[in-house]
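In what follows, a single structure is set out as structure tokens and then discussed.
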Amino acid sequence: MAETGSETPRKRADARRNAETLLDAAAAAFIASGVNVPVRDIAAQAGVGVGTIYRHYPTRADLIVGVYRHQVEACAAAGPELLATSATPYEALRGWIDLFVDFLVTKHGLAEALQSDDSAFQTLHAYFIERLVPVCEHLLAVAVEAGEIRSDVRAFELMRGVGNLCVGAGGNADYDARHMVALLIAGLGR
């Protein structure tokens with residue numbers, strides 16, 4: 063009987079890992095080929111059957127939402143991790159903004175899908191704001207408290223500014239969003 067109890071958490075951890083693998087594979091496929099990539103390609107990359115994807119994500123919209131939420135959660139979780147492992151709060155903020163830029167510029171076709179009338183996408187923007195603005199607020203507050211950055215920057219404004227700088231990244235070889243964001247972040251320093 064003790065074996066059964068010990069197997070259940072392992073199955074849950076395995077299922078969680080499998081779900082993350084599937085979502086990571088879908089995200090990579092979306093980046094490489096857009097959100098209309100064939101589901102069989104995603105399944106092959108994830109090492110699962112097509113039925114597994116449809117069992118968890120019955121529609122393409124459900125899969126897109128799953129990928130988006132997974133990436134938002136990864137970005138949110140990175141804030142505290144970076145604070146714990148970076149040399150300074152400012153370095154943690156810079157590292158997190160780099161991850162945020164990755165999140166924004168790798169949405170090949172996702173932005174267009176999210177603008178559609180599909181009801182599955184209705185709450186994603188609010189979810190994004192609700193999960194990521196507090197992380198950015200905390201990183202800013204810790205860096206301000208350490209005296210490393212100016213104190214007049216609000217998280218939503220910073221994230222919006224970074225987002226606006228990333229908009230120009232789409233396919234223009236003469237525009238380097240990362241360089242522009244680095245300039246913005248350097249401007250926060252004291």
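Here the sequence shown is numbered in the numbering used here, starting from 63 and rising by one per residue. Glycine included, every Cβ here is placed at the ideal spot set by N, Cα and C. Since the model is a prediction, treat every value here as computed from it, not as a measurement.
For the options G141, H187, R79, the alpha carbon positioned closest to that of A203 is the one of G141. Setting aside the 5 residues that flank it on each side, V99 is surrounded in the same chain by A91, each with a C-beta closer than 6 Å to its C-beta; the list follows chain order. In the structure shown, the three-state DSSP call for G251 is strand. The Cβ atoms of L144 and E135 lie no closer than 9 Å to each other.
Note that the C-beta distance between F162 and V206 is not below 9 Å.
I211 is bridged by DSSP to G251. R222: member of the alpha helix (DSSP H) spanning 217-229, first to last residue.
Comparing C-alpha distances from V129 to each of A217, T168, N234 shows the shortest one belongs to T168.
A residue is called buried when at least 16 other Cβ atoms come within 10 angstroms of its Cβ; P151 meets this threshold and is buried.
Per DSSP, reduced to three states, the secondary structure at P151 is helical.
Apart from sequence neighbours up to five positions away, the residues of its chain that approach S148 with a beta-carbon distance below 7 Å are A154, G157, ordered along the chain.
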